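Numbering (the working numbering), first residue to last: 175 to 322. Notes follow once the structure below has been shown.
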């Protein structure tokens, strides 16, 4: 029966998304407002194959959230360990490079970009005192990003 429905969805140019997948998507958006990019989600619309594409998209979003949560915890850990109020990007980059970070591994520019994203007033997980260059930018902890 499932094959018949999948074929009908392809023929009629319809998306077939399972209720469980829709529930995961709704839960993701409610727990992490703004985490679901509707334009990227739209790219998942392949008639007859949307459910798998949406599942992969949800996994991708969760992996990005886990990485960001890890970075917030890394800043928090460094500050606690060093008993300081902020950490320079160059030091943070060294810790990140030698740590067992969740994938994907970020290069220097990507790491700085994600840290700045976490400093955004819209997210507010970290703060930043910008220096003369990115190596002298100083980051400090504001609040946890818990990924369930």
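The beta-carbon is built from N, C-alpha and C at its ideal position, and this holds for glycine as well. Quick caveat, the model's predicted, so the values are computed rather than measured.
- Cβ contact annotation for residue 220 (same chain, cutoff 7 Å, sequence separation greater than five): 227, in chain order.
- By the C-beta density criterion, residue 232 is buried, having at least 16 other C-beta atoms within 10 angstroms.
- By the C-beta criterion, the stretch 245–263 is judged to be in contact with the stretch 312–320, since at least 3 inter-stretch pairs fall below 8 Å.
- Taking C-beta atoms as the reference points, residue 279 and residue 311 fail to come closer than 8 Å.
- Annotated three-state conformation of residue 239 is helix, per DSSP.
- A residue is called buried when at least 16 other Cβ atoms come within 10 angstroms of its Cβ; residue 260 meets this threshold and is buried.
- DSSP places residue 309 in the helix class (H, G or I) of the three-state scheme.
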